[in-house]
Structures are given as C-alpha cells and as structure tokens.
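A short write-up of the structure that comes next.
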Amino acid sequence: MQREFYLKNSEYIALNDLLKAMHLVGTGGEANIRISNGEVLLNGEVETQKRKKIRPGDHVEFNEIRITVYRIINSSVF
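Numbering-wise, our numbering puts 77 at position 75 of the sequence shown, and it's gapless, one number per residue.
Pasting the structure below:
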C-alpha cells in the first residue's frame, strides 16, 4: 500500500515521529522498538536510528506500507 506524508513548516520529521503520525504504531515506545528491531526500511535499506531525519523525497517502508515524504512549498488557498 502506498501512502504520502506532507511536511509543513519543517525540513524533516524524525523516523519514530513519522510512524506515530501515520498511525502505524500505537506509541512512541512501540515505534522505537520496531525501528531498533530492523523492521523499517528507509530508501530500501534497513534503518535502526530512531530519530533519523526523514526528508522530502525519502521513502519509508513498514509492514508492507510505503510512505513517500513530500514538502508543502506554498499552502496558501486562493
């Protein structure tokens, strides 16, 4: 399954925060355990750094869900 995450007013999001924001884990502690256990891929490689900075263009995979991260440049509504 493909999902998208949009950064607003930030250059990055920490990997464990991304898993929580996407509701893929119940708690930050669970996110940290899953990451430490090597269950998360960043751009196709196992990532074990819990606070790894995830930036626009990165792809995170967890439990058969692939998340692509984008940055909102201008969120003004006309």
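Note that CB positions come from ideal geometry on N, CA and C, so glycine has one too.
Rounded Cβ spacing between residue i and residue j (contact assumed at less than 8 Å)
i, j, result
"Asn45", "His61", "5 Å"
Backbone CA spacing between residue i and residue j [nearest angstrom]
i, j, result
"Ile35", "Leu9", "24 Å"
"Ala33", "Asn76", "30 Å"
"Phe64", "Glu41", "7 Å"
"Ala16", "His25", "14 Å"
With 16 other Cβ atoms within 10 Å as the buried cut-off, status of residue i
i, result
"Ile69", "buried"
Residue-chain proximity (residue i, chain C), Cβ-Cβ < 8 Å
i, result
"Leu26", "Reference to chain C is not applicable here, since this structure consists of a single protein chain."
Q) Where in the stretch 24-77 do unbroken runs of the alpha helix (DSSP H), each at least 4 residues long, occur, reported from the N-terminal end onward? A) Taking only runs of at least 4 residues, the alpha helix (DSSP H) segments lying wholly in the stretch 24-77 are 30-38.
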